[in-house]
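Protein chains in written order, with the working numbering: chain A, 1 to 378; chain B, 1001 to 1378.
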């Protein structure tokens, strides 16, 4: 078994190009992790996800502990075997979904009790139980349990949640113990308050983690607030450990995050947008429900490296979306995940070449230019 | 362009092994045609459909004339280009779905007027317009418009519909004209009455078609009635033309149809059953919703030639079905279409070897034996 390690190979401004190594395979950073909520990246076979360029998936502890259950997944050989994905998996702690999905939540120093949103059954999640569940799932990168609150919030509330998260960070570290073939990441909290964020980072560093996540963002704040917090917090994080911006985001969030020194991202957005008829390409986002595509024989992007962007006409994709055919969700999920990987692959090459700012500018300029003009008669 | 042709290569009892040739590729018979209702075999990429062994797809004229519209498909290069399926396509006439789906139908000698079940828009389907639509779709095998009535029905009603269908057969033939690179099939009607069926077949033969379909079955009658009608009618059909049993069926219907000299089948059942959590294998039908699979690490069938039957555990498939994940529909649609093709491929080999009756007996015996016993503790 390979011990977890991270090496930073290139720096361009504040953007970073690196690599994580772990038994199940290497992870090139900046990395986008597709989300496989309940043991499947929705509407994709695992090999299709891999073919988009994904080195690692994210699994959701909250969903998996409810269905099929962590002990059951363990008895079946772990999450990798269960879903037939042999490469690395990062699992979240379950805390975020407990707060957003579960019913009758009760938060104490010990942890959080709640009822399942599916069948109302009672559950408890503590820092220790979260680590146990993630270990049962056989996760490669494990997240501490934290408390994530919405923005804006009162400073007092942000401070309380940040300090609780720090105490839970210590308990998570203790529960994790010595498992060098897995990584344990701490999570910086503190809302939009620079001093709280700084104290959170300092506290986590003194505990010591394999990586540092920035939590509590993309929870309702404008993008500029998120970018400000990132710019403020990254200097407080160790340069030799990976940095993970949780639950983010759209392509321009990702690009801005990479520019600010973030190494890892995850978001349901590309697959969810795909199921709703939206395609991400270098032209920005394209709404295939729109009638302008109805008679358009052109592919989404004939210069795309992704065959699905070249082989199907816009008219066909429009038709699949309008008729709510599963194939539409399949194709557009694939197209969006491919584009997210393309964006990261492009950023990696740019950072290596020291041209990240040109890459970001050119990418944003193409987005701003928008889609191809409609064909005549439409 | 290759002219349409059919050659019968082997006969075993009344079972037939043959081959159709047409510009877009050969079609081995007995053939099962997956149904791509609105320009997609649900939850499958076209290449995945081909990989199951399908030589030909079926497209539904009724659905496609409403959405996206036949003229639109033609302007976009035809149905093959539209859905990226380069091999042969058979289209039905639209008549069956008008009767089962459309609103405010009005049948006259001329044809049928109706309102779309989607948006209430008014449409007309005549024998001539059906041929025109199927030609616009660029179909390889075109079906005459007929009137399909349920069973049981009064003899008088069966006779009326059969005679109308015969007159429409002549009009379809006239409208089709001379298009040797396409095939036109007539449809035998007459309900469960041998004399009416015989008259229908004689009438069609005197008009002359490239192939002969048996319509008006699988419309509510027991399997033994369907098999009796097939046994009675096939001696009346030309031996040198393909025979197509429309809208049939489950695996045991197909096997019985092959034994009775049918060359082609189509049915939505395998993909629909897949979307509802049912898997067809040599063990028969398996309901993956059933709790007995919840902790079962075994694959569906470790001896299957289909990788999807070997790589995913029953527990995982159960989980996907229970959580209503799209991947469950994708995998089970693929598994069912693969099994249908496997059944046809096995029948072809058996007919070639003169062992069809052994093959049918062994296949039915394995189905009767049912699924593997549950694992211990379940």
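Using N, Cα and C, we set each Cβ at its ideal position, and we do this for glycine too. Because the structure is a prediction, the values reported are computed rather than measured.
Review point. For a contact meaning CB atoms closer than 9 Å, what does residue 192/A contact in chain B?
Key: Position 192 of the first chain, counted from the start, is the residue given in the question as residue 192/A. Result: empty, since nearest Cβ-Cβ is about 36 Å, beyond 9 Å.
Review point. When the Cα of residue 1374/B is compared with those of 1299/B, 1197/B, 1122/B, 1109/B, which residue comes out closest?
Key: Taking the first residue of the second chain as position 1, residue 1374/B is located at position 374. Looking at the Cα atoms, 1299/B is the closest of the given residues.
Check your understanding: In or out: residue 1106/B buried (at least 16 other Cβ within 10 Å) or exposed?
Key -> As a first step, residue 1106/B must be located in the second chain, where it is residue number 106. Counting Cβ neighbours within 10 Å, residue 1106/B comes out exposed, since fewer than 16 surround it.
Check your understanding: Rounded to a whole number of angstroms, what is the C-alpha to C-alpha distance between residue 157/A and residue 301/A?
Key -> Translated into the one-based positions of the first chain, residue 157/A becomes position 157. Translated into the one-based positions of the first chain, residue 301/A becomes position 301. If I take the Cα positions, the gap works out to 47 Å.
Review point. Are residue 147/A and residue 165/A touching if we call contact CB-CB under 8 Å?
Key: The residue given as residue 147/A occupies position 147 in the first chain. The residue given as residue 165/A occupies position 165 in the first chain. In contact: residue 147/A and residue 165/A (Cβ atoms closer than 8 Å).
Check your understanding: Which ranges would you report for the beta strand (DSSP E) in the segment 231–295 of chain A if only whole runs of at least 3 residues count?
Key -> If we require 3 residues or more, the beta strand (DSSP E) runs fully inside the segment 231–295 of chain A come out as 243–245, 264–267, 278–281, 284–287.
**Study point:** DSSP three-state assignment for residue 1045/B, whether helix, strand or coil
**Key:** For the purposes of this step, residue 1045/B is taken as residue 45 along the second chain, with counting starting at 1. Correct three-state label for residue 1045/B: coil.
Exercise for review: Round the Cβ separation of residue 1185/B and residue 1244/B to the nearest angstrom and send it over; I've been treating them as touching at under 8 Å.
Suggested key: Within the second chain, residue 1185/B is the residue found at index 185, counting from 1. Within the second chain, residue 1244/B is the residue found at index 244, counting from 1. Between residue 1244/B and residue 1185/B the Cβ distance is about 6 Å, and since that is below 8 Å, they are a contact.
Exercise for review: For the beta strand (DSSP E) holding residue 110/A, just list the boundary residues, first then last.
Suggested key: Taking the first chain and counting its residues from 1, the one referred to as residue 110/A is at position 110. From DSSP, residue 110/A is part of no beta strand (DSSP E); its letter is neither H nor E.
Check your understanding: Are the C-beta of residue 222/A and some C-beta of chain B separated by less than 8 Å?
Key -> Position 222 of the first chain, counted from the start, is the residue given in the question as residue 222/A. For residue 222/A, the answer is no, since every Cβ of chain B falls outside 8 Å of its Cβ.
Check your understanding: With DSSP run on the structure shown, which of helix, strand or coil describes residue 51/A?
Key -> By one-based count along the first chain, residue 51/A stands at place 51. Here residue 51/A sits in helix by DSSP.
Exercise for review: Would you mind reading off the limits of the alpha helix (DSSP H) that contains residue 1160/B?
Suggested key: Within the second chain, the letter at position 160 stands for residue 1160/B. Counting along the chain, residue 1160/B sits inside the alpha helix (DSSP H) bounded by residues 1155–1176.
Check your understanding: Less than 8 Å separating the beta-carbons of residue 171/A and residue 127/A?
Key -> As a working mapping, residue 171/A is identified with position 171 in the first chain. As a working mapping, residue 127/A is identified with position 127 in the first chain. Contact annotation: residue 171/A and residue 127/A have beta-carbon atoms nearer than 8 Å.
Point to revise | Residue burial classification, residue 1052/B (beta-carbon count within 10 angstroms, cutoff 16) | key: Position 52 of the second chain, counted from the start, is the residue given in the question as residue 1052/B. So residue 1052/B counts as buried.
Check your understanding: Quick one: does residue 1094/B have its CB under 8 Å from some CB of chain A?
Key -> Counting from 1 along the second chain, the entry for residue 1094/B is found at position 94. No, because no Cβ of chain A sits closer than 8 Å to the Cβ of residue 1094/B.
Practice item. Please confirm if residue 71/A has its CB atom under 8 Å from at least one CB of chain B. Key: Counting from one through the first chain, the residue named residue 71/A turns up at place 71. It does not; no Cβ of chain B falls within 8 Å.
Practice item. Specify the secondary structure class of residue 1301/B as computed by DSSP and reduced to three states. Key: Stepping through the second chain from its first residue, residue 1301/B is reached at position 301. Here DSSP, grouped into helix, strand and coil, assigns residue 1301/B to coil.
Practice item. Measure the Cβ-Cβ separation of residue 1288/B and residue 1360/B and say whether it is below 8 Å. Key: On the second chain, residue 1288/B is found 288 positions in, with the first residue counted as 1. On the second chain, residue 1360/B is found 360 positions in, with the first residue counted as 1. Not in contact: residue 1288/B and residue 1360/B (Cβ atoms no closer than 8 Å).
Practice item. Measure how close the beta-carbons of residue 1125/B and residue 1095/B come, nearest whole angstrom, since I'm counting them as under 8 Å. Key: Against the second chain, residue 1125/B aligns to sequence position 125. Against the second chain, residue 1095/B aligns to sequence position 95. About 7 Å; that satisfies the 8 Å criterion.
Exercise for review: Answer yes or no: does any C-beta atom of chain A fall closer than 8 Å to that of residue 1067/B?
Suggested key: Within the second chain, the letter at position 67 stands for residue 1067/B. At a cut-off of 8 Å between beta-carbon atoms, residue 1067/B makes contact with chain A.
Check your understanding: In the structure shown, what three-state DSSP assignment does residue 21/A receive?
Key -> Here residue 21/A refers to the residue found at position 21 of the first chain. DSSP places residue 21/A in strand when its eight states are reduced to three.
Practice item. Give the residues of chain B in contact with residue 276/A, contact being defined as C-beta atoms less than 7 Å apart. Key: Along the first chain, read from residue 1 onward, the residue named residue 276/A stands at position 276. In chain order: nothing, as chain B lies at least about 13 Å away.
Exercise for review: State the start and end residues of the unbroken beta strand (DSSP E) segment that holds residue 1216/B.
Suggested key: Counting from one through the second chain, the residue named residue 1216/B turns up at place 216. No beta strand (DSSP E) contains residue 1216/B, which DSSP labels as neither H nor E.
Practice item. Please check if any C-beta of chain A sits within less than 8 Å of the C-beta of residue 1083/B. Key: Working through the second chain from its first residue, we reach residue 1083/B at position 83. Yes, its Cβ sits closer than 8 Å to a Cβ of chain A.
**Study point:** C-beta neighbour in chain A for residue 1313/B, strict 8 Å
**Key:** Counted from its first residue, the second chain places residue 1313/B at position 313. True, the Cβ-Cβ gap to chain A drops below 8 Å.
Point to revise | Backbone CA spacing between residue 1358/B and residue 1234/B [nearest angstrom] | key: Your numbering for residue 1358/B matches position 358 in the second chain. Your numbering for residue 1234/B matches position 234 in the second chain. Residue 1234/B has its alpha-carbon roughly 22 Å from the corresponding atom of residue 1358/B.
Practice item. Answer yes or no: do residue 329/A and residue 274/A have a C-beta to C-beta separation smaller than 8 Å? Key: For this step, residue 329/A is matched to residue 329 along the first chain. For this step, residue 274/A is matched to residue 274 along the first chain. Yes, these two residues count as a Cβ contact at 8 Å.
Exercise for review: Would you list, in chain order, the members of the segment 1325–1337 of chain B that have their beta-carbon closer than 9 Å to a beta-carbon of chain A?
Suggested key: Listed in chain order, the positions of the segment 1325–1337 of chain B with a beta carbon within less than 9 Å of a beta carbon of chain A are 1325, 1326, 1327, 1328, 1329, 1330, 1331, 1333.
Review point. Can you give the Cα-Cα distance for residue 1282/B and residue 1037/B, rounded to whole angstroms?
Key: Position 282 of the second chain, counted from the first residue, corresponds to residue 1282/B. Position 37 of the second chain, counted from the first residue, corresponds to residue 1037/B. Going from the Cα of residue 1282/B to the Cα of residue 1037/B covers about 27 Å.
Check your understanding: For residue 1370/B, which residues from the same chain have a beta carbon less than 7 Å from its beta carbon, with the 5 sequence-adjacent residues on both sides left out?
Key -> Sequence index remark: in the second chain, residue 1370/B carries index 370 (1-based). Here the set comprises 1283, 1284.
Practice item. Using a Cβ cut-off of 8 Å (strictly closer), state whether residue 76/A contacts chain B. Key: Numbered from its first residue, the first chain carries residue 76/A at position 76. So yes, residue 76/A belongs to the interface.
Check your understanding: For residue 1319/B, which of helix, strand or coil comes out of DSSP?
Key -> Counting from 1 along the second chain, the entry for residue 1319/B is found at position 319. Assignment of residue 1319/B by DSSP, reduced to helix, strand and coil, places it in the helix class.
Practice item. Kindly say whether residue 1009/B, judged by its beta-carbon, lies nearer than 8 Å to any beta-carbon of chain A. Key: Translated into the one-based positions of the second chain, residue 1009/B becomes position 9. Closer than 8 Å: no.
Exercise for review: Examine chain B for any beta-carbon lying closer than 8 Å to the beta-carbon of residue 39/A, and answer yes or no.
Suggested key: Within the first chain, residue 39/A is the residue found at index 39, counting from 1. Put simply, the CB of residue 39/A is near chain B, with a gap under 8 Å to one of its CB atoms.
Review point. Expressed to the nearest angstrom, what Euclidean distance is found between the alpha-carbon atoms of residue 366/A and residue 372/A?
Key: Locating residue 366/A in the first chain gives position 366, counting from the first residue. Locating residue 372/A in the first chain gives position 372, counting from the first residue. Going by the C-alpha atoms only, they are around 11 Å apart.
Point to revise | DSSP bridge partner residues for residue 127/A (one or two, in chain order) | key: Position 127 of the first chain holds residue 127/A. None, per the DSSP bridge assignment.
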